[in-house]
Amino acid sequence: MGTGQHVRALLKRWKLILLCTLVLGSGAYLGSELIVPRYQATAIIEIMTHPEHSSMDINTVLASGQLVQTQAQLAISLPVLREVASHYPDMTIERLATDISVNPKAGTQLFSIDVLDQDPWRAAALANDVATTLIKQQIELIQQNKSISQKQIQQDIKQTRQQIDVTEKQRSRLQGTPKSDFDVRALDAKAEDLHLHYNQLQLLLTQLELAEAQGNTLLRIAQSAQPATSPVQPDITVNTALGSLLGLLVGLLLAQLFELLDPRIRSEEALMRLVDWPVLATIWREKQKNSKKHAGKNNELLLPEEHSANIEAYRLLRTNISLIQTHKPLRSILLISATPQDGKSTVAANLAIFIAKAGKKTLLIDADLRRPTQTRKFQLTGERKGLSSAIQYCSQEYLIASSTRPTHEQVRTNLSLPLTDYVYTTDIPALSIMPAGPLPANPPDVLDSQAMNLVLANLEASDFEMIIFDTPPLHGLADTTILLAKVDSVLIVLDITKTHKKNLKRMQTLLEQYGNQILGCVINKQKYNPKEVPYSYYRNQPVTKDDRSTSVLPEQEKADTKRKKSYAEVIVTTNTSRAAGVKGVTADKQIAEQDTLPVMATGDQQQEGYLTLEDGIHLYYKVIGNRPETLIIPAASWLAADLEALAKEYTLIFYDQRGRGRSAALIDTSKIGMQHDVSDLEAIRRHFKVTTCSLLGWSYLGGTTALYSMQHPKRVQCLILVAPMAVRYGEYADDRQLDPDKRLDPKAIQRLKEMLDAGMDKKEPGTYNREYIKATRLPRQMGKPAALAQMKSDPWVSSNEWPEALSNYFDQFAASMGEWDWRSMATTLEVPTLIIHGAEDLLPLAASKEWAETLPNSQLLIIPGVGHYPWLESPEIFLPAIANFIRATSSQKVVPVQKVAIQQRRRSKG
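Every letter in the sequence shown is one number past the one before it in full-length UniProt numbering, and letter 482, counting from 1, is 482.
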């Protein structure tokens with residue numbers, strides 16, 4: 001699981017996480033309240049030093065940092081605790097040891113004696129008693145040591161005195177003896193040493209007696225313990241916080257554990273990890289509003305809300321199936337689901353409706369001969385003949401014909417089924433339905449009969465362009481398994497709220513055994529989240545008076561609009577009249593019929609204005625030219641002035657994407673993203689009533705136009721990708737050794753520095769930012785930086801194009817992209833595509849080559865010597881290539897674009 005999947009798993013089970021946090025936090029709080037409170041009393045002891053002591057010895061001990069720790073440990077030594085415990089009848093040494101702690105104060109000659117007890121007064125008494133006992137025992141020890149020392153010194157004095165007396169006697173005897181001078185001098189020296197030692201012992205004895213008289217000690221009580229007013233245990237706040245934190249961790253772990261053990265599939269990502277079926281559409285679970293108002297209506301079939309996102313979901317499903325049809329012949333689809341109540345019948349009905357609205361003659365067959373629902377959905381009253389009746393008819397005819405025809409093949413070929421007796425038309429012109437008919441007693445035998453094969457043969461010979469089968473659940477019943485062997489294409493419907501992994505695996509195994517063509521799957525009943533619905537433009541459709549696109553011009557243009565009706569107003573008026581003029585037609589049908597609206601001319605003059613989207617965002621647009629063919633180009637502020645030459649052959653509709661150029665700045669950055677840009681492009685097309693058009697996308701907008709073409713292939717005549725972003729996320733090999741810094745103009749950099757020194761970045765930020773980008777960013781991406789002088793466009797009149805705004809925009813845009821990969825979608829895009837790449841572009845050529853290799857109908861044009869701005873650097877190649885390519889696709893002739901050979905030279909290092 002990736003980081004995003006972990007986050008989604010946690011968000012999905014936020015209630016569990018919150019519950020664990022509250023339970024453990026509350027438990028910690030209640031437990032703390034039930035604990036008997038304990039009070040702490042503290043006595044502080046100071047270590048004293050005196051000059052009379054050996055300063056060298058004391059300083060040595062202090063320097064080692066051990067004196068305070070030693071005295072602190074003596075405070076909780078067994079002799080001290082034994083004596084203190086003897087003062088209290090109910091106190092034991094073990095209990096006292098657990099209730100007392102000592103804490104040396106770093107950097108001082110202090111340590112504290114801390115005592116915990118349920119009685120604050122006894123805690124204080126114990127702390128003071130321990131301190132007093134420690135000092136008392138230390139004094140006794142000192143006195144004992146001094147007494148021993150005095151006795152030893154006195155004994156040494158006595159012995160020294162005796163030695164002196166002996167020496168004096170020996171000297172007296174030697175004085176009268178001849179030749180005794182040497183011995184006398186030796187005895188004098190010995191006597192002198194003994195007298196010196198005797199005096200030292202006398203001095204030491206005097207000091208000991210003086211110290212004893214002063215009562216000297218190393219310890220004193222610096223602060224006596226006092227009874228506490230509030231308990232220190234338990235700390236309810238800390239315990240509650242720790243309990244809540246523990247609960248949060250437990251909740252997070254349980255959420256991840258449940259995600260791993262969850263037997264159900266709850267997201268598209270989880271589905272993709274199990275199977276490789278493409279997701280063709282997501283059907284959202286919506287709340288039914290005004291249930292009384294809609295009582296009696298078939299709400300589950302035709303969505304009652306005109307602005308429902310599911311309208312676009314079914315359109316997308318229809319489009320994806322159409323894309324598959326372009327590669328593989330497809331006429332019949334079997335809709336299956338693993339279990340009952342997956343919404344398969346509703347999806348089948350709606351799919352049939354939307355295919356029929358596209359103009360294809362469609363037949364919906366209710367092949368569920370156990371619990372059919374299509375009769376109720378389409379409100380077919382009374383007993384109706386249907387599939388079972390047709391099978392019974394073919395069975396009878398088969399028995400009769402078998403007796404008169406020699407071979408089974410002749411019977412199958414000559415037997416004709418009157419479909420009109422079993423097929424019923426609906427309110428939707430191109431849609432017919434074959435209900436289940438009377439329910440048989442043995443549905444598997446009926447479906448597996450030769451008569452069923454005859455029914456299918458007659459359906460195959462009919463003029464229906466699309467046949468959709470609604471079936472019973474796959475697991476536990478043989479009905480659908482039988483039909484799998486008779487219908488080639490399968491569409492799987494998965495109820496995301498209850499689909500189990502084991503059921504999905506069983507279904508996958510079964511489908512692999514039968515070898516059916518799996519079109520993909522439809523995720524049904526997905527929880528509705530407006531942020532995940534990428535269709536922000538569906539309110540711009542002509543459904544009601546209040547539901548239409550409007551053209552909003554800036555304040556400075558309001559005076560002109562009072563004198564002259566703008567082109568945008570003409571569109572809105574026409575739009576409204578169309579919607580209001582169709583009476584008795586449902587909103588769904590009006591939406592579907594809009595697909596057939598004709599192209600509307602864009603006027604003789606250059607038009608510009610603002611289009612207001614459903615979410616309130618204003619898009620700036622600019623229309624140049626008035627030709628039959630239309631070319632829509634994003635990035636108006638960057639391209640409009642420099643691509644005007646194309647207006648001689650095409651109507652050019654430029655626009656600035658949301659948050660860029662002259663479009664309104666975005667405060668809510670969550671509205672920035674690739675799918676938003678794709679939706680905005682569709683809003684522009686609808687606004688100008690363009691049925692089909694060519695698209696030109698430059699840089700990252702190449703991705704926008706390509707993705708739009710994949711989602712709306714019928715709207716795109718041809719696609720032009722100029723220096724496009726890659727088709728997938730990842731790195732590309734590039735052995736070129738380009739040095740973009742060498743492309744910078746030192747004079748331009750110097751001018752920029754002078755402007756900065758002059759404070760132009762504050763005085764005239766627009767001018768400074770224009771020069772900054774033209775001097776630093778654009779040349780780095782160009783093979784011919786001198787071509788900047790030919791640039792007519794000036795996007796920097798808008799602060800949206802200033803460096804800081806661009807950085808913020810692309811940070812959010814990149815975050816919204818994630819690790820994209822459009823290759824599988826691109827392989828199905830048959831729209832003719834021209835890819836233009838500059839050989840000196842910083843973007844690797846391999847990225848454009850991968851586009852060309854992936855798109856089945858594409859050409860790659862490599863222009864030598866140019867970079868990211870080929871229309872500026874090589875207009876003589878760029879503009880004719882586009883014109884020739886569009887001209888070739890519009891006339892449907894295979895006319896290759898101007899081919900430019902390029903041979904990349906191997907660059908030497910350095």
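All C-beta atoms in this analysis are idealised placements derived from N, C-alpha and C, irrespective of residue type, glycine included.
The beta-bridge partner set that DSSP reports for residue 631 consists of 652, 694.
Here DSSP, grouped into helix, strand and coil, assigns residue 732 to coil.
Between the stretch 845 to 863 and the stretch 743 to 760, the count of C-beta pairs closer than 8 Å stays below three; the two stretches do not touch.
Counting only residues of its own chain and dropping the five nearest sequence neighbours on each side, residue 117 has a CB closer than 7 Å to the CB of 38, 39, 99, 123, 126. Rounded to whole angstroms, residue 205 and residue 142 show a C-alpha spacing of 15 Å. By the Cβ criterion, the stretch 651 to 663 is in contact with the stretch 628 to 636, since at least three pairs of Cβ atoms, one from each stretch, lie closer than 8 Å. Here the alpha carbons of residue 6 and residue 269 stand approximately 11 Å from one another. Excluding five sequence positions before and after residue 91, the CB atoms of its chain that fall closer than 7 Å to its own CB belong to 85, given in chain order. If you keep only unbroken alpha helix (DSSP H) runs of at least 4 residues inside the stretch 657 to 687, you get 674 to 687. Just so you know, the alpha carbons of residue 340 and residue 607 end up roughly 56 Å apart.
Per the DSSP secondary-structure output, residue 284 pairs in a beta bridge with 526. Beta-bridge annotation (DSSP): residue 741 is not paired with any residue. If you look at residue 114, you'll find it in the beta strand (DSSP E) that goes 110 to 117. Within a 10 Å sphere around the beta-carbon of residue 514 sit fewer than 16 other beta-carbons, which makes this residue exposed.
Residue 157 places its beta carbon less than 8 Å from that of residue 201.
Cβ neighbours of residue 501 within its own chain (closer than 8 Å, five residues either side excluded): 263, 264, 265, 274. For residue 366, the enclosing beta strand (DSSP E) covers residues 362 to 366.
Linking residue 701 to residue 316 through their CA atoms gives a straight-line distance of about 22 Å. Counting C-beta pairs with one atom in each stretch, the stretch 438 to 457 and the stretch 381 to 389 have three or more that are closer than 8 Å, which means they touch. Nearest C-alpha to residue 392 among 438, 363, 335, 168: 438. With three or more CB-CB distances shorter than 8 Å, the stretch 707 to 716 counts as touching the stretch 813 to 827. In terms of Cβ geometry, residue 722 and residue 696 form a close pair [threshold 8 Å]. For residue 746, the enclosing alpha helix (DSSP H) starts and ends at 746 to 757. Taking the Cα positions, residue 629 is about 15 Å away from residue 686. Checking the DSSP bridge columns, you'll see residue 421 has no partner listed.
Fewer than three pairs of CB atoms, one per stretch, sit closer than 8 Å, so the stretch 448 to 467 makes no contact with the stretch 373 to 386.
The distance from the Cβ of residue 33 to that of residue 236 is about 7 Å, consistent with a contact at the 8 Å cut-off. By DSSP's assignment, residue 332 forms a beta bridge with 467.
Fewer than three pairs of CB atoms, one per stretch, sit closer than 8 Å, so the stretch 183 to 191 makes no contact with the stretch 5 to 25.
In the DSSP annotation of this structure, residue 764 is not part of any beta strand (DSSP E), being labelled neither H nor E. Out of 879, 698, 464, 3, the CA that lies nearest to the CA of residue 645 is found in 879. For residue 493, the closest alpha carbon among the candidates 350, 241, 759 is that of 350. For a cut-off of 8 Å, the C-beta gap from residue 130 to residue 80 is around 6 Å, short enough to register as a contact.
Counted as a single uninterrupted DSSP element, the stretch harbouring residue 797 is not any alpha helix (DSSP H), since DSSP gives it neither H nor E. Between residue 424 and residue 371, the CB-CB gap reaches or exceeds 8 Å. In the structure shown, the three-state DSSP call for residue 838 is strand.
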